[in-house]
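In this note's numbering, the protein residues as written are 35 to 206.
Written out as structure tokens, the structure reads:
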């Protein structure tokens, strides 16, 4: 029994040894944890914002590369479209053949239009070096200053990017 009494005494002593933190220690620890939390929260928000900016920048770069590649591919096809349009405009005795060429030319134009290709307006417009290339100049009192009077070759753009400048004759 003495052992039991001795164990009880030891247990009581160990219980007495446990310190209960006072309010100021708890407040200090809580303040330290709040500072740590605020720091981690700030770092998380900054990292999240950087990641969102990275995603937007990457998407913009992908769109730019897609537009550039599309423009390059379309530019290589424009001479083919020019020749198809010339072939469709030529008269032939075989009407079915001529209609077939016109149909192929329209399909080709539609395919390029679906890629975003737009024709640059020329005749009657004011000359703009961003879209037009002047190959000749004429004096005509009936036309306005730098008005385009004739188109030699059609120009095209995809969005705001010029794929091929229009070759034009400019008045005055």
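All residues carry an ideal CB built from backbone N, CA and C; glycine is no exception.
Since the model is a prediction, treat every value here as computed from it, not as a measurement.
Check, Outcome
"Top-ranked residue by Cα proximity to residue 202, from 132, 193, 188 and 196", "188"
"Where residue 200 falls, given that 16 or more other Cβ within 10 Å makes a residue buried", "buried"
"Three-pair Cβ contact test at 8 Å for the segment 140-149 versus the segment 168-184", "no"
"Residue 197, buried or exposed, once every other Cβ within 10 Å from all chains shown has been counted against 16", "buried"
"Residue 160 (DSSP reduced to helix, strand or coil)", "strand"
"C-alpha distance - residue 130 paired with residue 124, whole-angstrom precision", "13 Å"
"Residue 120 - DSSP class collapsed to helix/strand/coil", "helix"
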